[in-house]
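Asks:
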Amino acid sequence: MRLRRSLHFIEPLVAAFLIAALATGCTAVQNPALEAARESYQKARRDPLIVRNAGATLDKAAQTLQTADRIWTEEGDVAEVEHLSYIVEKRIEIARVIAQRRLAADEIQQPPSSR
Amino acid sequence: MTRALYCSFLLVLTLYCVGCSNTCFWCGEKPPTNRVTQAELAIRAAVDAKAADFAPVELQSARDKLAQARRMMTAEKYTEARRFAESAQVDAEFAEAKAETAVMRRAADQILRRGDAPPTEAERESRKPLASQPEMK
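Residue numbers (this note's numbering), protein chains in the order written: chain X, 1 to 115; chain C, 116 to 252.
#1: Buried or exposed: K60/X, going by 16 or more other Cβ atoms within 10 Å of its Cβ?
#2: I'd like the ranges of any alpha helix (DSSP H) spanning at least 4 consecutive residues and lying wholly in the segment 132-207 of chain C.
#3: Does any CB atom of chain X fall closer than 8 Å to the CB of V254/C?
#4: For chain X, check one thing: does any of its Cβ atoms lie closer than 8 Å to the Cβ of F209/C?
#5: Taking the C-alpha atoms as reference points, what is the distance between S85/X and E195/C?
#6: Count the C-beta pairs between the segment 41-59 of chain X and the segment 88-96 of chain X that are closer than 8 Å, then say yes if the count reaches three, no if not.
#7: Indicate the three-state DSSP secondary structure (helix, strand or coil) for D59/X in the structure shown.
#8: Go ahead and pull the three-state DSSP assignment for A54/X.
#9: Could you tell me whether any Cβ in chain C is nearer than 8 Å to the Cβ of K43/X?
#10: Excluding the five sequence neighbours on either side, which residues of its own chain have a C-beta within less than 7 Å of the C-beta of A184/C, listed in chain order?
#11: Using the Cα positions of P147/C and V205/C, report the straight-line distance between them to the nearest angstrom.
#12: Work out the CA separation of A190/C and R102/X for me, nearest whole Å.
#13: I want to see whether chain A comes within less than 8 Å of V205/C, judged by CB atoms only; does it?
#14: Output, in chain order, the set of chain X residues within a Cβ distance shorter than 7 Å of K213/C.
#15: How many whole angstroms separate the CB atoms of V81/X and A44/X, which I take to be in contact at a CB cut-off of 8 Å?
#16: DSSP three-state label for D47/X, please.
#17: Under 8 Å between C-beta atoms, does M187/C make it to chain X?
#18: Within a Cβ cutoff of 6 Å, which residues of the same chain sit near A161/C, ignoring the five residues on either side of it in sequence?
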């Protein structure tokens, strides 16, 4: 009987803990893959060579990052967010490679005497 | 008692729908046929850009993921199929970009290696962008 009475105190505590765990699980927790992708994107945005020569590809990466952000906030779908983060990282790598290509193309366009 | 059973049945059904949305028949994804086609086209473009020579690892990764996407399509796991197809596409685009850059870099290095010798008139003409060339009559 005494045990039963003490359980009455525990029940609301358990409920409160579960609600708190759910709430923090849905909003506050960050996804490591998404944060890494965001960091890569911000680093690329600070690179003038990439911004100047591969802006369109960088914009595509930004769109995918926004989608990943939305899915993480609204649905908390870990697998989908990790997948989209991978796409963001790859698009940034593509942007970096395109920027390097434009640099090489510029070298070809300029006659050696002007370098 | 019947009501409790009914409620628990509803709860289990909802959890099933939320937990395995790709297998649930009314809230699952459609077959990502278009995505798979786009991945195939991207791989073809990468091969045309000599990715087999300049970005073999990335090209192989794209091919492996496309094969996985097809397997998932057969297994009717459409969410996984879409993800594999999208990854294959982006890997192929990376392979293509990397190969094109390697080709361009090689050309630029060859010109640099040729030293400080001034380019001939024909070389200078060939380096001009096509749009700026005078119209041929």
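Using N, Cα and C, we set each Cβ at its ideal position, and we do this for glycine too.
Replies: Reading it off the structure:
#1: One-based indexing of the first sequence puts residue 60/X at position 60. The Cβ neighbour count for K60/X, taken over all protein chains shown within 10 Å, is at least 16; the residue is labelled buried.
#2: The qualifying runs are 148-163, 166-169 and 171-189.
#3: The requested residue 254/C is not part of the displayed model; chain C covers only 116 to 252.
#4: Start at 1 with the first residue of the second sequence, and residue 209/C comes out as number 94. By this cut-off, F209/C is an interface position.
#5: Your numbering for residue 85/X matches position 85 in the first sequence. Your numbering for residue 195/C matches position 80 in the second sequence. The alpha-carbon atoms of S85/X and E195/C are separated by roughly 15 Å.
#6: The answer is yes - the segment 88-96 of chain X touches the segment 41-59 of chain X, with three or more Cβ pairs under 8 Å.
#7: By 1-based counting over the first sequence, the position of residue 59/X is 59. If DSSP states are grouped into helix, strand and coil, D59/X belongs with the helices.
#8: Counting from 1 along the first sequence, the entry for residue 54/X is found at position 54. A54/X: coil per DSSP, three-state reduction.
#9: On the first sequence, position 43 is the one that residue 43/X refers to. So no, K43/X is outside the interface.
#10: Your numbering for residue 184/C matches position 69 in the second sequence. Taken in chain order, the residues that qualify are V151, A154, A196, F199, A200 and A203.
#11: One-based indexing of the second sequence puts residue 147/C at position 32. One-based indexing of the second sequence puts residue 205/C at position 90. For P147/C and V205/C, the distance between alpha carbons rounds to 16 Å.
#12: Sequence index remark: in the first sequence, residue 102/X carries index 102 (1-based). Sequence index remark: in the second sequence, residue 190/C carries index 75 (1-based). Here the C-alpha atom of R102/X lies approximately 43 Å from the C-alpha atom of A190/C.
#13: Absent from the structure is chain A; the protein chains it does hold are X and C.
#14: Here residue 213/C refers to the residue found at position 98 of the second sequence. Within chain X, the residues V97 have their CB atoms less than 7 Å from the CB of K213/C, given in chain order.
#15: Residue numbering aside, residue 81/X sits at position 81 when the first sequence is read from its first letter. Residue numbering aside, residue 44/X sits at position 44 when the first sequence is read from its first letter. V81/X to A44/X, Cβ: 19 Å. No contact.
#16: Here residue 47/X is taken as the residue at index 47 of the first sequence, counted from 1. In this structure, D47/X counts as coil in the three-state DSSP scheme.
#17: Locating residue 187/C in the second sequence gives position 72, where the first residue counts as 1. No, its Cβ sits nowhere closer than 8 Å to a Cβ of chain X.
#18: Numbered from 1 along the second sequence, position 46 holds the residue referred to as residue 161/C. If we look at A161/C and ignore the five residues flanking it on each side, its Cβ neighbours are L174, A207, A210 and E211.
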